[in-house]
Structure formats: structure tokens, C-alpha cells
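**Student:** Residue numbers (the working numbering), protein chains in the order written: chain A, 2 to 290; chain B, 289 to 598. C-beta atoms are modelled at their ideal positions from N, C-alpha and C, and glycine is treated no differently. One structure coming up, written as C-alpha cells, with questions to follow.
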């Protein structure tokens with residue numbers, strides 16, 4: 002009790018990025034981003050452009066499960082459609098009980114045709130090159146987008162059924178137990194430096210990583226760019242990943258099964274839950290639970 | 289007489305000593321690469337064999353001995369089986385394509401007298417370019433409209449866009465095509481060297497006897513190129529069995545997708561070892577790959593290595 006093992010140095014959450022120039026072009030109010038999932042779909046459809054053969058040349062909304070998309074499905078859409086992605090202690094997968102969440106996501110690709118995974122290589126390239134009008138991404142993209150000169154806005158994730166949700170994660174730095182003497186002193190000094198207000202301000206400005214110190218974060222609560230991320234933290238959930246690469250792949254595969262193989266969202270989500278449960282079981286078994 | 293013997297004996301001794309010295313020096317020099325191989329190749333190999341019987345997560349100080357359970361595990365893992373079949377597909381699609389195309393190009397180049405070195409340079413360029421770079425260039429060329437060069441060309445011709453890397457059926461052949469394109473230059477050079485070693489007299493004699501071009505190719509040139517074909521088939525098979533860089537760079541997040549359709553064995557091993565930190569499973573899969581390469585290579589040498597003499 003009372004012992005600290007590691008301290009968070011930066012926090013991450015998701016938000017909706019929208020390209021104001023492309024909104025203007027589509028005769029949408031550039032200062033009014035979608036507030037609900039329904040508005041999101043409607044606006045995305047208006048913002049999508051196709052060539053003569055029906056290929057998307059401008060995506061209304063980038064859909065990239067391998068990017069932040071899998072977090073959006075898992076911790077946001079699943080909850081907004083009335084479910085929970087996992088049991089309280091994150092030992093049991095439960096998202097397959099709400100296949101509507103996956104269906105909403107894959108409908109964007111197969112029914113509304115506003116984007117698809119891999120369009121322009123990925124969502125980041127698509128949004129940065131102004132080939133996608135909206136994207137769901139983390140605050141860590143802000144500096145790069147500013148540098149690229151994109152006229153963008155940031156909004157809190159659209160709500161659904163009056164439910165707001167977000168996905169949060171954080172950087173944590175710790176000191177190993179074998180560290181002693183001079184090295185321990187140096188490590189403590191460095192960790193204090195990393196957790197200082199000064200470094201948090203730099204990290205926010207140069208990258209966009211959110212300050213883990215609430216006193217620093219408070220300053221940006223109403224900032225038009227950082228604010229939506231910070232406010233999103235108030236209702237965010239952090240996933241307890243045991244093997245993030247493998248768990249992300251499960252969600253990528255679920256989406257691919259639907260749009261590439263025509264598998265129903267129900268079946269795809271059920272199979273995903275089975276695969277992910279096996280990953281969780283293996284982990285909990287290995288730590289003796 | 290006695291005097292003579294006295295003078296010969298030390299000289300003989302000198303020679304023996306010198307020979308000893310030379311042999312010793314040779315062994316001394318040879319021992320350096322031997323030591324290098326022992327530590328850099330054989331030691332890790334043996335330790336990988338051992339690792340395949342343990343359960344280890346890369347950071348834990350304990351390596352639990354688990355017997356054959358890692359092997360049971362991978363053969364019950366559908367993803368491992370998919371990667372095994374994908375690896376065979378890479379070999380079956382890739383090796384014949386490389387051999388046939390590069391032999392055809394080499395035969396054509398062999399007839400070219402002007403600018404031959406210029407042509408050779410052109411063909412060898414993809415081979416000397418880093419695979420990571422060529423993979424990414426091809427990844428962009430395979431994109432869907434509006435940015436993929438190949439699809440833009442198709443749409444210019446009024447043809448529908450292809451999914452290439454985004455399709456579970458087209459992705460693997462697309463990666464094979466990129467790899468074949470990269471390997472052709474090297475194989476052409478080796479084939480050209482082989483072609484230039486075929487004595488002109490054989491071909492002329494056959495021509496005098498009334499052999500047509502088809503007969504010249506299939507009865508003289510190709511049989512005499514057999515050692516080159518064997519060499520290239522073996523090395524190319526090993527290369528395709530170990531395919532990694534192209535797949536890692538051409539698929540989303542380097543995962544061998546979509547839906548594991550391009551996942552080769554080496555990428556499976558990489559994911560298990562350095563993403564899931566399941567070193568035992570990764571080592572077991574490595575041993576399987578090693579045995580596969582060994583078996584296929586021995587088989588190829590047995591089947592293909594027939595000496596041809598005229």
C-alpha cells in the first residue's frame with residue numbers, strides 16, 4: 002500500500018477530426034461537426050466522392066481498424082449499442098453480445114460506402130492528404146496535422162442513444178526493482194523531469210500527447226483542439242490489453258471477414274470473441290489465475 | 289655416404305617442419321571463421337532447439353521445460369497451419385516463375401551483342417535495391433484508385449479496379465510478383481554465365497546435323513544448364529521459404545493479412561517471438577521451418593542433380 006510502481010507521463014484518448022475545407026466544399030457548415038452517430042453517417046455520405054467506376058476518391062470517414070478503429074469499436078461503439086466489451090475485470094469477452102456495434106462499423110464500408118480499410122494506404126495518409134474528410138484518431142496526430150497545414154477541427158466522439166464513451170490509454174514510466182544506488186538516484190531524477198510540467202507542455206506542443214498531471218491538463222480543458230480529448234477522458238475506458246497486437250488483429254479480422262468475405266457481423270463478432278477469449282485465457286493461466 | 293645422409297636428414301626435417309607450419313597456419317586461419325560460425329550460427333541454433341522444448345516469455349529468468357507441448361500447440365493452431373500452406377504457395381508460385389522468366393530473359397540477352405551490359409544492369413537494378421524500398425513502392429503501386437498506378441492504368445483502359453493487396457485471393461500472388469521481379473535480375477546474371485560456358489561447338493555440330501532451334505534449346509542448352517538450374521532452384525526455394533521482408537512491408541501493420549492470407553512461416557515466428565513474447569512456440573515453429581528447408585533442399589538436389597555429358 003502507498004507504493005508507486007510507475008507514474009503516467011502522458012495520457013491518450015480519441016476524438017473526431019474533421020477537415021473544414023472539405024466540409025465547405027460539400028456545402029456543410031465547417032464549424033458543425035456531427036454530434037451523433039446518425040449525423041456522422043449522413044455527413045460522411047455527403048463528403049464521399051466516387052470516380053466514374055464507383056471507386057472512392059474521397060472518403061467521408063476513414064475506417065481503419067488497424068489504426069484507432071479497433072478501439073472505437075471495442076470501447077465506444079459496443080457501449081453505445083448497449084453492451085460492454087468485457088466483463089468488469091476484463092477476463093471475459095462480452096462484445097459479441099452486441100453485434101450491432103460491428104454492424105454499424107462495417108455498414109460504413111459495405112452499405113454507406115464512405116470509406117474502407119486501406120484507402121490511401123491508411124487513415125493517417127488519407128486524412129493528411131485531404132482524401133478523407135473525417136477520421137477518428139488520437140491527440141498524438143495533432144502536431145503532424147498542423148505541420149501538414151490541414152485546416153481541421155476536433156470534436157468529441159459522436160454519441161449514440163445518449164451514451165458517450167471514449168477509449169483512453171497512457172504512457173507510464175517506472176523504475177525496475179534491480180535499480181539501486183547512483184543509478185536509482187539518476188532514474189528518479191529523470192522520472193521527475195519526465196513528469197514535470199515543463200516536459201508535459203513540450204510533449205503536448207510537439208506531439209499532442211495529453212498531460213498526465215491534472216493541473217497542466219486543466220489549462221487546456223476548453224482549448225478548441227486539445228479540449229475535446231481532455232473532456233473525452235471524463236467518460237473514457239481503458240482496455241486491459243494482455244497482447245495488444247494479437248487483440249487488435251482479432252478486431253481487424255472481424256471487420257475484414259465482413260467486408261471481404263461477406264460473413265455476417267454476428268458470426269464475425271462471435272468468432273472474434275472466441276479468438277480473443279483464448280488469448281485472455283492463456284494470459285490469465287500464465288500468471289496463475 | 290654418411291656425410292650425405294647427414295646433410296639430407298636436417299633438410300628433410302626442415303621440409304616436414306615447414307609443411308607442419310603451413311598446415312598449422314591454415315588451420316589457424318580456418319579456425320577463426322569456424323569459431324565465428326560456432327558462436328554466431330551453431331550455438332544459437334542449438335539453443336533454439338532447446339528453447340522449443342521450453343516455455344519462456346523473453347524476460348523471465350526461468351525457462352520451464354515443457355517437452356513437446358509447443359509442437360502440439362503449433363500443429364493445433366489454425367494460424368500456424370495457414371502460414372505453413374502459405375509458405376508452400378510462395379514457393380510453388382514463386383520458384384517456377386523466377387526460373388522460367390529469368391531463363392527466357394537470359395536466352396534473349398545472350399543473343400544481344402549491342403548494349404548487353406546495359407540491359408543486364410537494368411535487370412539487376414531491382415535486385416540491388418533494398419527490399420524494404422521496393423516493397424513499399426509496389427505497395428503504393430498496388431493501391432486502389434485514386435493513387436495506385438496499376439489500378440489507374442486499368443481504369444484508363446476502362447477496366448474495373450482490382451483489390452490486389454486488399455483481397456484474400458490476390459494478395460499472395462501480388463507479393464510473389466514483387467518478389468519475382470526483384471529476383472529476376474540475379475538469376476538472369478547467373479543464367480548468362482552458364483550460357484556463356486556452353487561450348488559453341490556443341491551447338492554448331494547439332495546445327496550441322498540439322499537440329500532446329502527447339503531441339504537446340506531442349507536437347508543441348510537446357511540439359512547443359514542443369515547445374516545452374518539446380519543451383520538457382522535450391523537457392524530460390526530457400527529464399528521463398530524464408531520470405532518475410534516483402535510481406536512485413538506490404539501488408540497492413542506487417543501482419544500478413546488480410547485474414548492471414550499472406551502470412552508466411554517466418555512472419556508467424558516473428559509475431560510469436562517479438563509481439564506475443566512466446567519464445568517457445570516461436571522456436572518450435574523455427575525448428576519446423578528448418579526441417580522443411582532441409583528436406584526440400586535434399587530432395588531437390590537428389591531429383592535435379594543429374595550430370596549431363598556430351
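1. Residue 343/B and residue 568/B: beta carbons closer than 7 Å?
2. Using DSSP with H/G/I as helix, E/B as strand and the rest coil, what is residue 131/A?
3. Going by C-alpha to C-alpha distance, which of 551/B, 315/B and 573/B sits closest to residue 619/B?
4. Just list the residues that DSSP pairs residue 210/A with in beta bridges.
5. Can you give me, in chain order, the residues of the region 67-96 of chain A that have a beta carbon less than 8 Å from any beta carbon in chain B?
6. In this structure, does DSSP put residue 549/B in helix, strand or coil?
7. Where residue 20/A and residue 142/A are concerned, what is the direct C-alpha to C-alpha distance, given to the nearest angstrom?
8. Name, please, each residue of chain A whose Cβ falls closer than 7 Å to the Cβ of residue 342/B.
9. Just curious, the beta strand (DSSP E) that residue 427/B is in, first and last residue?
10. Shortest alpha-carbon distance to residue 272/A belongs to which of 204/A, 253/A, 287/A and 285/A?
11. Measure how close the beta-carbons of residue 140/A and residue 239/A come, nearest whole angstrom, since I'm counting them as under 8 Å.
12. Mind listing which residues of the region 554-572 of chain B have their C-beta closer than 9 Å to chain A's C-betas, in chain order?
13. Would you give the residue range spanned by the alpha helix (DSSP H) that residue 541/B belongs to?
14. Can you tell me where the alpha helix (DSSP H) holding residue 170/A begins and where it ends?
15. Name the one or two DSSP bridge partners that residue 18/A has.
16. Quick one: is residue 248/A buried, meaning 16 or more other Cβ sit within 10 Å of its Cβ, or exposed?
17. Determine, using beta carbons only, whether residue 540/B comes closer than 7 Å to chain A.
18. Just checking: is the beta-carbon of residue 52/A within a distance shorter than 7 Å of some beta-carbon in chain B?
19. Which same chain residues end up closer than 7 Å to residue 251/A when comparing Cβ atoms and leaving out the 5 residues on each side of it in sequence?
20. How big is the Cα-Cα spacing for residue 292/B and residue 517/B?
21. Could you say if the region 470-486 of chain B and the region 65-79 of chain A meet the contact criterion of at least three C-beta pairs nearer than 8 Å?
22. Answer yes or no: does any C-beta atom of chain B fall closer than 7 Å to that of residue 247/A?
23. Any beta-carbon of chain B closer than 7 Å to the one on residue 179/A?
24. Which one of 101/A, 48/A, 133/A and 184/A has the shortest CA to CA distance from residue 82/A?
25. Need the endpoints of the beta strand (DSSP E) that residue 57/A sits in, please.
**Tutor:** Let's see:
1. Taking the second chain and counting its residues from 1, one reaches residue 343/B at position 55. Taking the second chain and counting its residues from 1, one reaches residue 568/B at position 280. When the beta-carbon positions are compared, residue 343/B and residue 568/B come within less than 7 Å of each other.
2. As a first step, residue 131/A must be located in the first chain, where it is residue number 130. In the structure shown, residue 131/A falls within a coil segment according to DSSP collapsed to helix, strand and coil.
3. The requested residue 619/B is not part of the displayed model; chain B covers only 289 to 598.
4. As a first step, residue 210/A must be located in the first chain, where it is residue number 209. Under the DSSP definition of a beta bridge, residue 210/A lacks any partner.
5. Cβ contacts with chain B come from 67.
6. As a working note, residue 549/B is residue 261 in the second chain. In the structure shown, residue 549/B sits in coil (DSSP, three-state: anything other than H, G, I, E or B).
7. Here residue 20/A refers to the residue found at position 19 when the first chain is read from its first residue. Here residue 142/A refers to the residue found at position 141 when the first chain is read from its first residue. Cα to Cα, residue 20/A sits roughly 14 Å from residue 142/A.
8. Counting from one through the second chain, the residue named residue 342/B turns up at place 54. For residue 342/B, none of the residues of chain A pass the 7 Å Cβ criterion, the least Cβ distance being about 14 Å.
9. Mapped onto the second chain, residue 427/B falls at position 139. Run containing residue 427/B: none in the beta strand (DSSP E); it sits in the alpha helix (DSSP H), 419-429.
10. As a working note, residue 272/A is residue 271 in the first chain. When 204/A, 253/A, 287/A and 285/A are compared, the shortest CA-CA separation from residue 272/A is found for 253/A.
11. Taking the first chain and counting its residues from 1, one reaches residue 140/A at position 139. Taking the first chain and counting its residues from 1, one reaches residue 239/A at position 238. Not a contact, Cβ separation roughly 15 Å.
12. Near chain A, meaning a CB-to-CB distance below 9 Å, the residues of the region 554-572 of chain B are 559, 563, 564, 565 and 566.
13. Within the second chain, numbered from 1, the residue matching residue 541/B stands at position 253. Premise fails: residue 541/B is in no alpha helix (DSSP H) and is neither H nor E.
14. Within the first chain, numbered from 1, the residue matching residue 170/A stands at position 169. Here residue 170/A belongs to no alpha helix (DSSP H); instead the beta strand (DSSP E) covers 167-175.
15. Numbered from 1 along the first chain, position 17 holds the residue referred to as residue 18/A. According to DSSP, residue 18/A bridges with 136/A and 155/A.
16. Taking the first chain and counting its residues from 1, the one referred to as residue 248/A is at position 247. Result: buried.
17. The residue you call residue 540/B lines up with position 252 of the second chain. Cβ-Cβ to chain A under 7 Å: yes for residue 540/B.
18. Working through the first chain from its first residue, we reach residue 52/A at position 51. Yes, its Cβ sits closer than 7 Å to a Cβ of chain B.
19. One-based indexing of the first chain puts residue 251/A at position 250. Correct list, in chain order: 273, 276 and 277.
20. The residue labelled residue 292/B in the question sits at position 4 within the second chain. The residue labelled residue 517/B in the question sits at position 229 within the second chain. Model confidence at residue 292/B stands at a pLDDT of 47, short of 50, so the residue's coordinates are unreliable and nothing is read from them.
21. no
22. Position 246 of the first chain, counted from the first residue, corresponds to residue 247/A. So, interface residue.
23. Against the first chain, residue 179/A aligns to sequence position 178. Cβ-Cβ to chain B under 7 Å: no for residue 179/A.
24. In the first chain, residue 82/A corresponds to position 81, counting from 1. The shortest Cα separation from residue 82/A among 101/A, 48/A, 133/A and 184/A belongs to 101/A.
25. Within the first chain, residue 57/A is the residue found at index 56, counting from 1. Per DSSP, residue 57/A belongs to the beta strand (DSSP E) from 57-59.
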